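Undergrad: Just passing along the structure, written as structure tokens.
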Amino acid sequence: MNRRELLALAKNHYDEKQLVELEHAIDYATKQHEGQLRKSGEPYITHPIYVAALLIDWGMDIDSVVAGVLHDVIEDTGAEPADIEQHFGHDVAFLVDSVTKVGRARAGMRNLDSYQQQTKDNLTKLLIAVGQDVRVLIIKLADRLHNMQTLQFKSEPKQKKIARETIEVFAPLADRLNMGRVRVQLEELSFRYLTPKEFEKTKSLMDSRLKKSERKLRSVKKEVDGHLTKEKIPHQIDGRVKSVYSLYKKMQRVPNIDDIYDLMALRIIVEDVATCYLVLSELHSLYEPMVDRIKDYITKPKPNGYQSLHTTIVTKAGQAVEFQVRTREMHEYAERGLAASFHYNEQKLTEAYKNGSIAELPTDLHWISDLQNAAAQINEGKDFDETNLRVDLFGDRIFVYSPKGDIYDLPSGAYPLDYAYRVHSDVASHASGFKVNGKMVPFSQQLRHGDTVEILTSKGAKPRPDWQQYIITSHARMKLRAQLRRNGFLGQLSNAAAIFQRKVNQRKAKKLNDQR
10 MNRRELLALA
20 KNHYDEKQLV
30 ELEHAIDYAT
40 KQHEGQLRKS
50 GEPYITHPIY
60 VAALLIDWGM
70 DIDSVVAGVL
80 HDVIEDTGAE
90 PADIEQHFGH
100 DVAFLVDSVT
110 KVGRARAGMR
120 NLDSYQQQTK
130 DNLTKLLIAV
140 GQDVRVLIIK
150 LADRLHNMQT
160 LQFKSEPKQK
170 KIARETIEVF
180 APLADRLNMG
190 RVRVQLEELS
200 FRYLTPKEFE
210 KTKSLMDSRL
220 KKSERKLRSV
230 KKEVDGHLTK
240 EKIPHQIDGR
250 VKSVYSLYKK
260 MQRVPNIDDI
270 YDLMALRIIV
280 EDVATCYLVL
290 SELHSLYEPM
300 VDRIKDYITK
310 PKPNGYQSLH
320 TTIVTKAGQA
330 VEFQVRTREM
340 HEYAERGLAA
350 SFHYNEQKLT
360 EAYKNGSIAE
370 LPTDLHWISD
380 LQNAAAQINE
390 GKDFDETNLR
400 VDLFGDRIFV
410 YSPKGDIYDL
420 PSGAYPLDYA
430 YRVHSDVASH
440 ASGFKVNGKM
450 VPFSQQLRHG
460 DTVEILTSKG
470 AKPRPDWQQY
480 IITSHARMKL
490 RAQLRRNGFL
500 GQLSNAAAIF
510 QRKVNQRKAK
520 KLNDQR
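FYI, my numbering numbers position 368 of the sequence shown as 377, with every residue one higher than the one before it.
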């Protein structure tokens with residue numbers, strides 16, 4: 010990827026004024042990086058140009074692309090943030106400076122034994138600090154992906170160190186941003202460097218199996234394509250192969266590859282949700298479905314926001330084939346996540362953007378609001394316990410439903426009070442009880458994915474210090490503490506906090522034991 014190729018790619022996405030700005034950024038970065046080489050021997054400018062190309066491919070706005078071109082000039086050259094602001098404006102300067110801070114935090118970590126936990130702690134603090142603009146994370150993911158794609162030029166210890174950080178921190182962050190394609194790429198590359206023997210063994214097993222299946226799969230694809238065309242159902246059909254790392258993880262649970270039915274899958278993309286269910290019906294009329302493998306992730310999305318219909322059918326020849334049926338919008342969101350769902354040029358016209366937040370977050374991305382709230386607290390000099398945010402960022406997620414069918418995103422292990430504070434802090438402050446799936450439950454009942462939660466309130470109910478035992482989200486904890494202080498319970502907070510920390514430690518210990 011060079012200057013000419015990047016500009017040719019950009020012409021399909023941006024107007025003339027924006028292209029001029031991008032050209033200016035390329036010229037500026039080329040001059041700043043003049044004489045610098047990468048470990049591969051290539052001119053250093055090839056890296057930021059490739060990062061910018063990734064951001065264009067992901068559908069990002071022009072400020073993000075320009076910042077991608079400039080993202081290393083503060084760290085590696087004599088450029089100053091004020092100079093970048095003068096040339097490219099405040100937003101671009103902020104993005105470049107914030108990406109630089111993330112890089113500097115990584116550079117200070119040397120102890121491989123404690124590297125994973127140090128990485129999470131330091132990055133969490135930095136994520137709080139730059140929480141007012143999530144584009145920083147997306148630019149960093151593009152930077153990390155290209156560095157992983159050129160990791161062969163590093164020494165073996167550095168390869169393993171960078172790969173470990175990538176699979177433990179950056180791949181989960183990509184997943185939290187619903188950037189599925191990026192997550193898979195980062196995991197695959199990390200797996201190759203961390204455990205090369207396991208990677209080659211799994212890849213070899215997959216390749217041998219795929220050769221046997223591809224011809225049969227082509228026959229099924231042709232048959233389904235012809236049937237849907239005959240029924241005049243507009244569609245696009247293609248195949249997808251499970252990633253090597255995903256197969257490796259699945260084989261830890263299902264050792265026999267013959268029992269893994271989604272090694273290869275056929276993906277059908279249609280115009281709308283109604284057609285998704287129509288296609289599912291047509292598939293089941295053509296073939297015998299494996300009933301226990303029909304999954305409706307449209308009605309109930311996965312915790313990371315993924316939506317699709319899955320079904321596994323058995324052909325007349327006895328071959329099991331998985332189908333995934335989704336709309337174009339669902340497909341784009343599954344592949345590119347946040348980058349596909351935000352249009353920052355439009356966002357800039359809103360008051361929310363000017364105030365440092367993003368309007369209309371998808372349900373499964375409310376954790377970004379928590380990030381922004383935490384950033385605001387730190388900027389105001391308030392205390393903040395980053396442990397809670399670390400649970401939100403790196404923990405598993407669940408979706409729960411209100412009685413009206415609204416969807417709320419929470420970390421795994423959340424309590425009804427976490428849900429109540431997500432709905433509204435005033436409602437939560439008057440909570441007298443909860444019903445989950447129509448049944449009364451105690452405040453200590455942990456929620457599960459798919460639960461429907463009803464908040465029971467009364468005028469006489471007030472927040473109590475012991476409620477801190479039954480919340481794990483940073484948002485709920487912040488709101489509850491504020492309410493307790495207003496009600497004169499300040500002195501009782503420390504005891505409740507100690508109880509809460511014991512519960513956190515118990516959960517961590519249980520998780521470690523389960524992993525062993």
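Ideal Cβ placement from N, Cα and C applies to all residues, glycine included.
All of these numbers come straight from a predicted model, not from anything done at the bench.
1. Among the residues of its own chain, which have a CB less than 8 Å from the CB of residue 218, if the five just before and after it don't count?
2. What did DSSP end up calling residue 368 once you bin it into helix, strand or coil?
3. Can you name the start and end residues of the beta strand (DSSP E) that residue 322 belongs to?
4. Got a sec? Which residues, its chain only, sit under 6 Å from residue 86 by beta carbon, not counting five neighbours each side?
5. Around the C-beta of residue 333, are 16 or more other C-beta atoms found within 10 angstroms, so that it is buried, or is it exposed?
6. Taking the straight line between their C-alpha atoms, what separation do you get for residue 430 and residue 405?
7. Would you be able to state if there are at least three C-beta pairs under 8 Å between the segment 167 to 184 and the segment 192 to 201?
8. Taking C-beta to C-beta, are residue 37 and residue 63 nearer than 8 Å?
9. What is the rounded straight-line gap between the Cα of residue 355 and the Cα of residue 212?
10. Check this for me: beta carbons of residue 433 and residue 467, under 8 Å apart or not?
11. Along the chain, where does the alpha helix (DSSP H) that runs through residue 149 open and close?
12. Skipping 5 residues on each side, what residues in its chain have a beta carbon closer than 6 Å to that of residue 461?
13. Which partner residues of residue 52 appear in the DSSP bridge assignment?
14. Going by Cα to Cα distance, which pick from 437, 260, 448, 173 is closest to residue 488?
15. What residue range does the alpha helix (DSSP H) around residue 165 cover?
16. Taking the alpha-carbon positions, what's the residue 150 to residue 251 distance?
17. Identify whether residue 106 lies in helix, strand or coil by the three-state DSSP scheme.
18. Please say whether residue 323 and residue 296 have beta carbons closer to each other than 8 Å?
19. On the premise that residue 208 lies in contact with residue 253, defined as a C-beta separation below 8 Å, what is that separation, rounded to the nearest angstrom?
20. Using 8 Å as the threshold, is the C-beta distance between residue 536 and residue 286 below it?
21. Would you kindly report the start and end of the unbroken alpha helix (DSSP H) that includes residue 482?
22. Here's the rule I'm using: 16 or more other beta-carbon atoms within 10 Å means buried, otherwise exposed. How should residue 449 be labelled?
23. Within 10 angstroms of its Cβ, does residue 46 collect 16 or more other Cβ (buried), or is it exposed?
24. Please determine if the segment 160 to 177 and the segment 94 to 111 are in contact, where contact requires at least 3 C-beta pairs separated by less than 8 Å.
25. Would the beta-carbon of residue 443 fall within 8 Å of that of residue 425?
26. Going by DSSP in three states, residue 282 sits in which element: helix, strand or coil?
27. Going straight from the alpha carbon of residue 88 to that of residue 196, what length do you get?
28. If you draw a straight line from the C-alpha of residue 203 to the C-alpha of residue 156, how long is it?
29. Express the C-alpha separation of residue 453 and residue 472 in angstroms, rounding to a whole number.
30. Is the CB-CB distance between residue 188 and residue 348 below 8 Å?
31. State the Cα-Cα distance for the pair residue 258 and residue 147, rounded to the nearest angstrom.
32. Closest to residue 441 by CA distance: which of 422, 465, 456 is it?
33. Strictly by DSSP, which residues pair up with residue 440?
34. Buried or exposed for residue 238, going by 16 or more other Cβ atoms inside 10 Å?
35. For residue 331, report the span of its beta strand (DSSP E) as first-last.
36. Using the Cα positions of residue 309 and residue 261, report the straight-line distance between them to the nearest angstrom.
TA: Reading off the structure:
1. Within the sequence shown, the letter at position 209 stands for residue 218. So the list reads 266, 272, once near-sequence residues are dropped.
2. Locating residue 368 in the sequence shown gives position 359, where the first residue counts as 1. Low local confidence applies: a pLDDT of 44 at residue 368 is under 50, so the model's placement there is unreliable, with the coordinate-based value given in what follows. Three-state DSSP puts residue 368 in coil, outside helix and strand.
3. Within the sequence shown, residue 322 is the residue found at index 313, counting from 1. Counting along the chain, the unbroken beta strand (DSSP E) around residue 322 starts and ends at 318 to 323.
4. The residue you call residue 86 lines up with position 77 of the sequence shown. Taken in chain order, the residues that qualify are 41.
5. Along the sequence shown, one-based indexing puts residue 333 at 324. Counting C-beta atoms within 10 angstroms of its own C-beta, residue 333 has 16 or more neighbours from the protein chains shown and is therefore classed as buried.
6. Taking the first residue of the sequence shown as 1, we reach residue 430 at position 421. Taking the first residue of the sequence shown as 1, we reach residue 405 at position 396. If you take the alpha carbons of residue 430 and residue 405, they lie about 19 Å apart.
7. Enough Cβ pairs lie closer than 8 Å, so yes.
8. Walking along the sequence shown from the start, residue 37 turns up at place 28. Walking along the sequence shown from the start, residue 63 turns up at place 54. Not a contact, by the Cβ cut-off of 8 Å.
9. Counted from its first residue, the sequence shown places residue 355 at position 346. Counted from its first residue, the sequence shown places residue 212 at position 203. Only weak support exists for where residue 355 lies, its pLDDT of 38 falling under 50; the value from the coordinates is given anyway. Spanning the alpha carbons of residue 355 and residue 212 requires a straight line of approximately 43 Å.
10. Locating residue 433 in the sequence shown gives position 424, counting from the first residue. Locating residue 467 in the sequence shown gives position 458, counting from the first residue. Their beta carbons are not under 8 Å apart, which means residue 433 does not touch residue 467 by this criterion.
11. The sequence position of residue 149 within the sequence shown is 140, counting from 1. Going by DSSP, residue 149 is part of the alpha helix (DSSP H) stretching over 144 to 158.
12. Counted from its first residue, the sequence shown places residue 461 at position 452. Excluding residues within five positions, the ones whose Cβ falls inside 6 Å are 410, 446.
13. Taking the sequence shown and counting its residues from 1, the one referred to as residue 52 is at position 43. Looking at the DSSP output, residue 52 bridges to 46.
14. As a working note, residue 488 is residue 479 in the sequence shown. For residue 488, the nearest C-alpha among the options comes from 437.
15. Residue 165 sits at position 156 when you count from the first residue of the sequence shown. Residue 165 -> alpha helix (DSSP H) spans 165 to 174.
16. Position 141 of the sequence shown, counting from 1, holds the residue named residue 150. Position 242 of the sequence shown, counting from 1, holds the residue named residue 251. Taking the straight line joining both Cα atoms gives about 22 Å.
17. Along the sequence shown, one-based indexing puts residue 106 at 97. Here residue 106 sits in helix by DSSP.
18. Stepping through the sequence shown from its first residue, residue 296 is reached at position 287. Stepping through the sequence shown from its first residue, residue 323 is reached at position 314. Contact: yes.
19. Indexing the sequence shown from 1 puts residue 253 at position 244. Indexing the sequence shown from 1 puts residue 208 at position 199. Contact between residue 253 and residue 208 is confirmed by a C-beta separation of about 6 Å, below the 8 Å threshold.
20. Past the edges of the chain, shown from 10 to 525, lies residue 536, and the structure says nothing about it.
21. Counted from its first residue, the sequence shown places residue 482 at position 473. No alpha helix (DSSP H) contains residue 482, which DSSP labels as neither H nor E.
22. Here residue 449 refers to the residue found at position 440 of the sequence shown. The residue in question, residue 449, is exposed, as its Cβ has fewer than 16 Cβ neighbours within 10 Å.
23. Position 37 of the sequence shown, counted from the start, is the residue given in the question as residue 46. Taking all protein chains shown into account, residue 46 has fewer than 16 neighbouring C-beta atoms within 10 Å of its C-beta and is therefore exposed.
24. No contact exists between the segment 160 to 177 and the segment 94 to 111.
25. Here residue 443 corresponds to residue number 434 of the sequence shown, with the count starting at 1. Here residue 425 corresponds to residue number 416 of the sequence shown, with the count starting at 1. In this structure, residue 443 places its C-beta atom within 8 Å of the C-beta atom of residue 425.
26. The sequence position of residue 282 within the sequence shown is 273, counting from 1. Correct three-state label for residue 282: helix.
27. Sequence index remark: in the sequence shown, residue 88 carries index 79 (1-based). Sequence index remark: in the sequence shown, residue 196 carries index 187 (1-based). C-alpha separation (whole angstroms): 33 Å.
28. Residue numbering aside, residue 203 sits at position 194 when the sequence shown is read from its first letter. Residue numbering aside, residue 156 sits at position 147 when the sequence shown is read from its first letter. So the alpha carbons of these two residues sit roughly 15 Å apart.
29. Residue numbering aside, residue 472 sits at position 463 when the sequence shown is read from its first letter. Residue numbering aside, residue 453 sits at position 444 when the sequence shown is read from its first letter. Computed Cα separation, rounded: 15 Å.
30. Mapped onto the sequence shown, residue 188 falls at position 179. Mapped onto the sequence shown, residue 348 falls at position 339. Yes, they are a contact pair.
31. The residue you call residue 258 lines up with position 249 of the sequence shown. The residue you call residue 147 lines up with position 138 of the sequence shown. In a straight line, the C-alpha of residue 258 is about 26 Å away from that of residue 147.
32. As a first step, residue 441 is located in the sequence shown; it is residue number 432 there, counting from the start. When the alpha-carbon of residue 441 is set against those of 422, 465, 456, the nearest one is in 465.
33. In the sequence shown, residue 440 corresponds to position 431, counting from 1. For residue 440, the beta-bridge partners assigned by DSSP are 466.
34. Here residue 238 corresponds to residue number 229 of the sequence shown, with the count starting at 1. So residue 238 counts as exposed.
35. As a working mapping, residue 331 is identified with position 322 in the sequence shown. It spans 329 to 336 - the beta strand (DSSP E) in which residue 331 sits, taken as one unbroken run.
36. In the sequence shown, residue 309 corresponds to position 300, counting from 1. In the sequence shown, residue 261 corresponds to position 252, counting from 1. Roughly 26 Å separates the two Cα atoms.
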